[in-house]
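Colleague:
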Amino acid sequence: MAMKPSELIAYARLGQVGARSPLVIAVPHAGRHYPPAMLEAARLPRSALETIEDRYADLLVTDAVQAGAVAIVAQAARAYVDLNRDEQEIDPVLLTTRPSPGMLIASPKVAGGLGVVPSRIAAGGAVWKQPFSEAELEARMAGVHRPYHAAIAAAMDEAMAVHGIAILLDCHSMPSLAGRGPSPRVVVGDRHGRSAATRFVAAVMNTVRDAGLTVARNHPYAGGHTLDRHGQPRRGRHAIQIEVDRSLYLDPLELEPGPGLTEARRLVTAIAAALEDEARGLALAAE
Numbered sequence: 001m002a003m004k005p006s007e008l009i010a011y012a013r014l015g016q017v018g019a020r021s022p023l024v025i026a027v028p029h030a031g032r033h034y035p036p037a038m039l040e041a042a043r044l045p046r047s048a049l050e051t052i053e054d055r056y057a058d059l060l061v062t063d064a065v066q067a068g069a070v071a072i073v074a075q076a077a078r079a080y081v082d083l084n085r086d087e088q089e090i091d092p093v094l095l096t097t098r099p100s101p102g103m104l105i106a107s108p109k110v111a112g113g114l115g116v117v118p119s120r121i122a123a124g125g126a127v128w129k130q131p132f133s134e135a136e137l138e139a140r141m142a143g144v145h146r147p148y149h150a151a152i153a154a155a156m157d158e159a160m161a162v163h164g165i166a167i168l169l170d171c172h173s174m175p176s177l178a179g180r181g182p183s184p185r186v187v188v189g190d191r192h193g194r195s196a197a198t199r200f201v202a203a204v205m206n207t208v209r210d211a212g213l214t215v216a217r218n219h220p221y222a223g224g225h226t227l228d229r230h231g232q233p234r235r236g237r238h239a240i241q242i243e244v245d246r247s248l249y250l251d252p253l254e255l256e257p258g259p260g261l262t263e264a265r266r267l268v269t270a271i272a273a274a275l276e277d278e279a280r281g282l283a284l285a286a287e
């Protein structure tokens with residue numbers, strides 16, 4: 001069933017007008033808006049759909065916004081549209097008709113069921129009762145995906161106009177990583193050096209270490225469509241992803257904000273400040 005335009009909430013733009021900071025923050029996976037028609041179309045209950053959220057990751061950025069950054073925060077649920085996927089990352093099983101030539105991109109994420117519209121999830125298998133027409137999928141892209149990314153691009157344009165540089169910090173959360181030795185509590189992604197200058201990645205990683213936390217770069221999360229789309233270092237537009245261990249800021253069941261939220265906010269604010277300082281230092285050196 002298609003959503004009515006009045007049911008769609010793509011994103012919220014937080015922060016003051018005027019690009020006080022060269023930093024733009026994006027939060028693509030914390031949306032908690034589940035329109036009734038969406039839930040009717042799903043074969044899984046809302047509680048299952050919520051398992052693919054970056055639960056309450058939007059709460060991590062509020063202090064950084066108060067300090068001057070602009071944030072583009074998704075409101076639509078990830079199960080409706082995954083904003084960190086290309087529009088063409090569509091599982092063919094979701095289509096009622098044979099796809100148009102060149103319409104689809106095969107990727108590991110699609111193969112795992114987590115394309116731009118998730119087709120199946122670990123919490124319950126197939127997400128939808130029936131496949132969609134191309135028009136229905138196009139409505140999701142036009143109503144949520146494109147406006148969200150247009151808002152990021154516009155905010156980065158504003159930062160470029162004022163500061164001559166723009167930094168995008170794409171904020172996610174992750175389950176705790178178990179492995180040999182100390183597991184990273186934060187993973188920093190830069191598409192293996194393609195989406196941001198190394199100095200900005202180093203600033204983020206050093207800030208995490210200064211907070212007493214272990215940090216990894218690009219493994220197991222190197223970033224996705226958002227970094228590919230908005231990171232253009234040679235044009236002064238840098239994009240970095242951070243994945244924050246959910247146990248740092250949620251309760252033991254990872255369902256609600258926990259006692260560590262204040263410290264996790266402080267960490268994200270410190271990361272934002274480090275990126276701003278590095279950007280301003282680079283701009284001064286170029287003068």
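Each residue of the sequence shown is one higher than the one before, starting from 1 at the first, in our numbering. Note that the Cβ used here is the ideal one computed from N, Cα and C, for glycine as well.
1) Are the beta-carbon atoms belonging to A74 and I25 less than 8 Å from one another?
2) DSSP has I25 in a bridge; who is on the other side?
3) Look at A10 and Y148 and say whether their C-beta atoms are less than 8 Å apart.
4) Kindly indicate which three-state DSSP category A10 falls into: helix, strand or coil?
5) Quick check on DSSP: helix, strand or coil for R237?
6) Which partner residues does H33 have in the DSSP bridge list?
7) Skipping 5 residues on each side, what residues in its chain have a beta carbon closer than 8 Å to that of R209?
8) Would P45 and T96 be called neighbours here (beta carbons separated by less than 8 Å)?
9) Three or more beta-carbon pairs under 8 Å between the stretch 170-190 and the stretch 236-256, yes or no?
10) Quick one: give me the first and last residue of the alpha helix (DSSP H) that R217 is part of.
11) How many whole angstroms separate the CB atoms of V116 and E87, which I take to be in contact at a CB cut-off of 8 Å?
12) Helix, strand or coil for H245 per DSSP?
13) Sorted by chain position, which residues of the same chain lie with C-beta nearer than 7 Å to E158's C-beta, five sequence neighbours on each side aside?
14) Please report the distance separating the alpha-carbon of S119 from that of R280.
15) For G224 and Y56, what's the separation of their Cα atoms in angstroms?
16) Are V65 and G15 close, meaning C-beta to C-beta below 8 Å?
17) Given L39, which residues of its chain have a CB within under 7 Å of its CB, disregarding the five upstream and five downstream residues?
18) Sort T269, L49, A150 by Cα distance to V204 and report the nearest one.
19) Measure the alpha-carbon distance for P289 versus A273 and round it to whole angstroms.
Modeller: So, from the data block:
1) Within the sequence shown, residue 74 is the residue found at index 74, counting from 1. Within the sequence shown, residue 25 is the residue found at index 25, counting from 1. Not in contact: A74 and I25 (Cβ atoms no closer than 8 Å).
2) What you label residue 25 is simply residue 25 of the sequence shown in a count that begins at 1. DSSP lists A71, L169 as partners of I25.
3) Looking up residue 10 in the sequence shown gives position 10. Looking up residue 148 in the sequence shown gives position 148. Yes; because the gap between Cβ atoms is below 8 Å, this pair is in contact.
4) The residue given as residue 10 occupies position 10 in the sequence shown. Reduced to three states, the DSSP call for A10 is coil.
5) As a position in the sequence shown, residue 237 is number 237, starting the count at 1. Strand, per DSSP.
6) Along the sequence shown, one-based indexing puts residue 33 at 33. Per DSSP, A76.
7) Your numbering for residue 209 matches position 209 in the sequence shown. Counting only Cβ-Cβ distances below 8 Å, and skipping sequence neighbours, we find V215.
8) Residue 45 sits at position 45 when you count from the first residue of the sequence shown. Residue 96 sits at position 96 when you count from the first residue of the sequence shown. No, these two residues do not count as a Cβ contact at 8 Å.
9) yes
10) Here residue 217 refers to the residue found at position 217 of the sequence shown. Element bounds for R217: not the alpha helix (DSSP H) but the beta strand (DSSP E), 215-217.
11) By one-based count along the sequence shown, residue 116 stands at place 116. By one-based count along the sequence shown, residue 87 stands at place 87. So it is a contact: roughly 6 Å between Cβ atoms.
12) On the sequence shown, residue 245 is found 245 positions in, with the first residue counted as 1. First, the residue type needs correcting, since residue 245 is Asp and not His in the sequence shown. Strand at D245.
13) Taking the first residue of the sequence shown as 1, we reach residue 158 at position 158. Within the same chain, and ignoring the five residues on either side of E158 in sequence, the residues whose Cβ sits closer than 7 Å to its Cβ are A19.
14) Position 119 of the sequence shown, counted from the start, is the residue given in the question as residue 119. Position 280 of the sequence shown, counted from the start, is the residue given in the question as residue 280. Spanning the two alpha carbons is a distance of roughly 43 Å.
15) In the sequence shown, the residue the question calls residue 224 occupies position 224. In the sequence shown, the residue the question calls residue 56 occupies position 56. So the alpha carbons of these two residues sit roughly 20 Å apart.
16) Counting from one through the sequence shown, the residue named residue 65 turns up at place 65. Counting from one through the sequence shown, the residue named residue 15 turns up at place 15. A distance below 8 Å separates the beta carbons of V65 and G15.
17) Start at 1 with the first residue of the sequence shown, and residue 39 comes out as number 39. Contacts found: R46.
18) Here the question's residue 204 lines up with position 204 in the sequence shown. Cα-wise, what sits closest to V204 is T269.
19) What the structure shows of the chain is the stretch from 1 to 287, and residue 289 is not part of that stretch, so it cannot be assessed.
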